[in-house]
Amino acid sequence: MTDLTRRKFLQATGASLATTSLLSAATSTPPLPSSGNHEGVVISSANGIETVNIAYQLMSEQNMRPVSAAIRGVAVVEADPNDMSVGYGGLPNERGVVQLDSSCMDGPTHNAGSVSCIEDIMHPAQVAELVMDRTDHINLVGQGARQFAIDHGFKAEDLLTERAREIWLKWRAKRTDDDRLWPLGDTVPADPALADEPRPWGTIHCSALNGAGDVGCCTTTSGLSFKIPGRIGDSPLVGAGMYCDNEIGSAGATGRGEAAIMSCGSMLVVERMRAGDSPEQACLYVLKRVAEQAQRASKWQPMLYRDGAPNFGLTFYAIRKDGTYASASMRGKPGSSKFAVADKNGARLENCAIAFA
Ligand code: ASP
301 MTDLTRRKFL QATGASLATT SLLSAATSTP PLPSSGNHEG VVISSANGIE
351 TVNIAYQLMS EQNMRPVSAA IRGVAVVEAD PNDMSVGYGG LPNERGVVQL
401 DSSCMDGPTH NAGSVSCIED IMHPAQVAEL VMDRTDHINL VGQGARQFAI
451 DHGFKAEDLL TERAREIWLK WRAKRTDDDR LWPLGDTVPA DPALADEPRP
501 WGTIHCSALN GAGDVGCCTT TSGLSFKIPG RIGDSPLVGA GMYCDNEIGS
551 AGATGRGEAA IMSCGSMLVV ERMRAGDSPE QACLYVLKRV AEQAQRASKW
601 QPMLYRDGAP NFGLTFYAIR KDGTYASASM RGKPGSSKFA VADKNGARLE
651 NCAIAFA
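Counting in the numbering used here, the sequence shown runs from 301 upward without gaps.
Given below as structure tokens:
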């Protein structure tokens, strides 16, 4: 743009130096968190005690970038047949097929990658990392994601364990629930026999900050058990299931993915920290926002409300660039919900804050 046309453009749009300073005010007030004086920290959902330990060591001993350390850390859970919410052994969709979702994001480059509904590949977070590093795309889905993984040397294998198959068969034999809703205007019969068994959920999110103040994160899951084939949750969606910004920090979510998607939850956590919230305040703010939104979500009524708060699980995790961190869950008694942390003092579980105790 020449100077003249630029001037005309500024006049025409009403933009001016004032706009420029408004923009910079919006991004620089209050002061951005500094990288502080710490040696890094890794957090994850409670199933990641080994994950945070591995990721912290990879960052501190091998100087691995935070996103890759998080991805290597979650690999133990992806390979664990006893964790039925992630990778190998994950519970299948309603047709008995294991479909996995994952995403990752690198703070320093602001690059991201993800895969959705990928089948037969045990480590979707590593495929997401390749999508991030080796393609100009962000998300690969289904068959394309699987083929991309195989092309890059991943092994295709059956991820449905006998235990997961048995659980799926039992669910199918007595199923009373379905994710397809009654047509609008029809009334769902109030038959107590139609009450649902709780549906197993689970996922692992991991956020990492190194001593230099760089962040990275990833989330990996088999998603909602017995989901409609093709359903993706928040985990592979940048801004929903995870998000980071190297100026501010990193965040992620586990739990009811539809709620994290509709609130752009992980991005909102990071933006609240940009606005000056502590990690705990930011996570609680977003949970309360989700609760308000859920009240308006007509298709979730009345099944998802109890005692004035959403009757579903949702947890956010956040690290700020200055080394502070927290996690908060939607419901529960104080102390009932935990998350994993590793720093120079080792790995441990800590309590999540609770939005609606
Ligand atoms: N958020 C995941 C999903 O909606 C599931 C979970 O975290 O439990 O697929």
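Built from N, CA and C at the ideal position, the CB exists for glycine as well.
- Pairwise C-beta distances place the segment 537-554 out of contact with the segment 376-383, as fewer than three of them are shorter than 8 Å.
- Membership of Lys638 in the beta strand (DSSP E) is indicated by the continuous run 638-643.
- Cα atoms of Lys588 and His452: separation of roughly 42 Å, rounded to the nearest angstrom.
- In the structure shown, Ala553 adopts extended strand secondary structure according to DSSP, grouped into three states.
- When C-alpha distances from Ser360 are compared across Thr624, Lys644, Ala655, the shortest belongs to Lys644.
- The three-state secondary structure of Thr351, taken from DSSP, is helix.
- With a threshold of 7 Å, the Cβ atom of Asp406 does not count as near the ligand ASP, since no heavy atom of the ligand is closer than that.
- Those residues that have a beta carbon less than 7 Å away from any non-hydrogen atom of the ligand ASP are, in order along the chain, Ser385, Asp401, Trp501, Gly502, Thr503, Thr521, Gly523, Leu524, Gly533, Asp534, Ser535, Gly541, Ala553, Thr554, Gly555, Arg556, Gly557, Glu558, Ala560.
- Collapsing the DSSP output to three states places Tyr356 in a helix.
- Within the same chain, Glu547, Ile548, Arg574, Lys621 come within 8 Å of Leu332 by CB-CB distance, once the 5 residues on both sides are set aside.
- A Cβ-Cβ distance of about 7 Å is found for the pair Gly387 and Leu400, placing them in contact under the 8 Å criterion.
- When the five nearest sequence neighbours on each side are left out, the beta carbons in the same chain lying within less than 7 Å of the beta carbon of Ile619 are those of Val341, Ile343, Ser507, Leu509, Val515, Gly549, Ser550, Pro579, Tyr625, in order along the chain.
- When the alpha-carbon of Met422 is set against those of Ala647, Ile450, Tyr617, Gln357, the nearest one is in Ile450.
- Shown here, Ala512 sits in coil according to DSSP, grouped into three states, outside any helix or strand.
- If you compare the alpha carbons of Ile354, Val374, Leu614 with that of Gly646, the shortest gap goes to Ile354.
- Here the alpha carbon of Gly444 sits roughly 42 Å from the alpha carbon of Gly336.
- When C-beta atoms of the segment 398-412 are compared with those of the segment 362-374, three or more pairs fall below 8 Å, so the two segments count as touching.
- Annotation: Ser525 to Pro330 spans about 42 Å, alpha carbon to alpha carbon.
- Only exposed fits Ala456, as fewer than 16 other CB atoms lie within 10 angstroms of its CB.
- In the three-state DSSP reduction, Asp451 falls in the helix class (H, G or I).
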